[in-house]
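Quick note: the sequence shown uses the working numbering, first residue -1, plus one each step. Don't be surprised by glycine CBs; every beta carbon is placed ideally from N, CA and C.
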Amino acid sequence: VMYLSSFLPQGVWGGAWGVTFGDLCALKGTSVVMNCSYDYPSGYSVTNVGWSRPHYAAASGKWRLFFLSRLPTPPVHFEYVGDYNGNCNLKIHDVQRTDEGNYYFSFVTTLDRYTSTTPARLSVKGNDKLTAIVRPSTVAEGDDVSLTCVLGCPARTAVVWFRDGQRVLKPVFQARREDAGRYYCAVLGQETVRSASVVLNVQYGPTYISVSLEPQHAVEGSRVNLTCSAVANPAADNYTWWHKRTDSASSSPGPMLWAGSGRVLTLPAVEASHAGLYVCRARNSVGEMSSAEMLLTMKHEYPKCTRGDKNLICLFSLPPQPAVFGSGLGVRGSSSPATGDQLDAVYANVGTSQWSPPLATAAQDAASRSQRSARHEHEVDVVYTRECSKARDFLVRSLLCSLSSSPPRMKPRSPTQR
């Protein structure tokens, strides 16, 4: 209610008639109190009080003072928060541009009435006059940051700070990476009146450095990529790779050597010399840091063997005619029984070793002839190489071959390996 009246006891003031107030500046959307006091002679009692503003009267074509209660404003937009004993404060809710201007206070006593001769001036500033300042706006982690809120009005106004919608308790602090974000200030108790946001950028050196390997299992001769990842602000712009060879036969690893640069280290065709420990070092304008060691191991891939007939055919000539040896072959010279490795093997360079017939007495020769029949079993030394297998690469073994021929029986040689 803008115009209030009441009968109160006699005033206690003993001075002259007068009203005291000052000019006021307010931000659009805020609620403010226009401070005011009035004086009147003793022996008078205040019966009515009221605030008024100049308003153009279309009927008379002149400016006249109209009480606020008669102006077309929202309910409770103007609120008298004074009394009838010298306090004439006026509160204005949700200040708008239309509220800007001059205000007059008047009061009525039992014997006379009085209206202020000079007005109180209200200035209204837009929200763009509320400015948030973050110093510095770009800072290294650990440095000091200060927040300053500048208001378009000179009057001291309590403000609060927010970062990404969350309340900031201290306007001065040491920057951490989680402090980065958008900051704005607002009028305390009227947080809808706020400044535009400003960004705080917190920079820090590379951290959480990791190395990934693609593919996970490196095969000799294949292409391998090692990728370095780092968390940093600004992003790491320099990557270097270091390699330390490891030798299982030696207890002391080799030195760490430069292996390349760039976020991705590519090994087009890995070989045994590429195995070992790899370290990535990332750097930006703030600092640098190295990753943990990544071990690169090699998986050897052997030639594929085609499973086929397990029979071995040996071809060689013995006078007086060539002999062909076929099924029923057995392999000698191996301490282990035949396994899948032997069945999956391919043999090449098959041939016989040189031999010399043993010296025989006449009795021995006669005994030998009596034991021969149309078909005889003989043992010869057959030399071959095992072209591929899962376990061993090159072998020389003795084969037991069945043959029919007329030469004397040959003594088998002891199996050998190379």
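Query raised in the report: Rounded C-beta distance between residue 98 and residue 122? I'm assuming under 8 Å.
Result: 4 Å
Report task. Give the DSSP-derived three-state secondary structure of residue 53 in the structure shown. Result -> strand
Requested in this report: Return helix, strand or coil for residue 92, following the three-state DSSP convention.
Outcome: coil
Query raised in the report: Which parts of the segment 93 to 133 are runs of the alpha helix (DSSP H), unbroken and 4 residues or longer, counting only runs that do not cross its ends?
Result: none
**Report entry** For residue 243, the nearest candidate out of 110, 293, 278 (CA to CA)
**Finding:** 293
**Report entry** residue 197 to residue 262 span [Cα, whole Å]
**Finding:** 33 Å
**Report entry** Top-ranked residue by Cα proximity to residue 225, from 209, 27, 93, 36
**Finding:** 209
Report task. Using beta-carbon positions only, say whether residue 192 and residue 266 come within less than 8 Å of one another. Result -> no
Query raised in the report: Distance, Cα to Cα, residue 172 vs residue 32?
Result: 39 Å
**Report entry** Local conformation of residue 280 per DSSP, three classes
**Finding:** strand
Report task. For residue 118, count neighbouring C-beta atoms within 10 Å of its own C-beta (all shown protein chains included) and say buried if the count is 16 or more, exposed if not. Result -> buried
Query raised in the report: Among residues of its own chain, excluding the 5 on either side of residue 178, which ones have a beta-carbon nearer than 7 Å to its beta-carbon?
Result: 198, 199, 200
Query - Sequence-distant residues of its chain with Cβ nearer than 6 Å to residue 56 (five each side left out) - result: none
Query raised in the report: Helix or strand or just coil, what does DSSP make of residue 267?
Result: coil
Query raised in the report: Does DSSP put residue 390 in a helix, a strand or coil?
Result: Because residue 390 sits at a pLDDT of 39, beneath the cut-off of 50, its placement in the model cannot be relied upon, and the point is left open.
Query - Residue environment, residue 239, which counts as buried when at least 16 other CB atoms sit within 10 Å - result: buried
Query raised in the report: Do the segment 75 to 95 and the segment 44 to 51 make contact, defined as three or more Cβ pairs closer than 8 Å?
Result: yes
Query raised in the report: Counting Cβ pairs, one atom from each stretch, are 3 or more of them under 8 Å apart for the segment 147 to 166 and the segment 17 to 31?
Result: yes
Query raised in the report: Which of the three DSSP states, helix, strand or coil, is assigned to residue 224?
Result: strand
Query raised in the report: Considering only C-alpha positions, which residue in the set 211, 259, 229, 237 is nearest to residue 268?
Result: 211
Requested in this report: Within the same chain, show all residues whose beta-carbon is closer than 6 Å to that of residue 219, passing over the 5 residues directly before and after it, in chain order.
Outcome: 267
**Report entry** Same chain only: Cβ atoms within 8 Å of residue 205, ignoring 5 sequence neighbours per side
**Finding:** 228, 229, 230, 287
**Report entry** Short Cβ contact (8 Å threshold) for residue 102 with residue 63
**Finding:** yes
Requested in this report: Please state if the CB of residue 295 and the CB of residue 216 are separated by a distance shorter than 8 Å.
Outcome: yes
**Report entry** Run of the beta strand (DSSP E) containing residue 172, from where it starts to where it stops
**Finding:** 170 to 172
Requested in this report: Could you tell me which residues DSSP puts in a beta bridge with residue 61?
Outcome: 54
Query raised in the report: Tell me which same chain residues have a C-beta within less than 6 Å of the C-beta of residue 17, skipping the five on either side of it?
Result: 36, 103, 114
**Report entry** Beta-ladder partner(s) of residue 69, from DSSP
**Finding:** DSSP, once it has assigned bridges, lists no residue as partnering residue 69.
Query raised in the report: Taking the Cβ atom as the reference point for each residue, do residue 257 and residue 276 lie within a distance shorter than 8 Å?
Result: yes
Query raised in the report: What residue ranges within the segment 150 to 226 form continuous beta strand (DSSP E) runs of no fewer than 3 residues, ordered along the chain?
Result: 157 to 161, 164 to 166, 170 to 172, 179 to 185, 188 to 192, 196 to 212
Query raised in the report: Taking the C-alpha atoms as reference points, what is the distance between residue 167 and residue 159?
Result: 7 Å
Query raised in the report: Applying the criterion that 16 or more other CB atoms from any shown protein chain within 10 Å of the CB defines a buried residue, is residue 223 buried or exposed?
Result: exposed
Query - Proximity below 8 Å, CB of residue 282 to CB of residue 213 - result: no
Query - Residues near residue 255 in its chain [Cβ-Cβ closer than 6 Å; skip 5 each side] - result: 241
Query raised in the report: When we look at the beta-carbon of residue 371 and count the other beta-carbons within 10 Å, is it buried (16 or more) or exposed?
Result: Since pLDDT at residue 371 reaches only 45, below the 50 mark, its modelled position is unreliable, and the value read off the structure follows with that caveat. That one is exposed.
Report task. Would you mind stating whether residue 88 and residue 76 have Cβ atoms separated by less than 8 Å? Result -> yes
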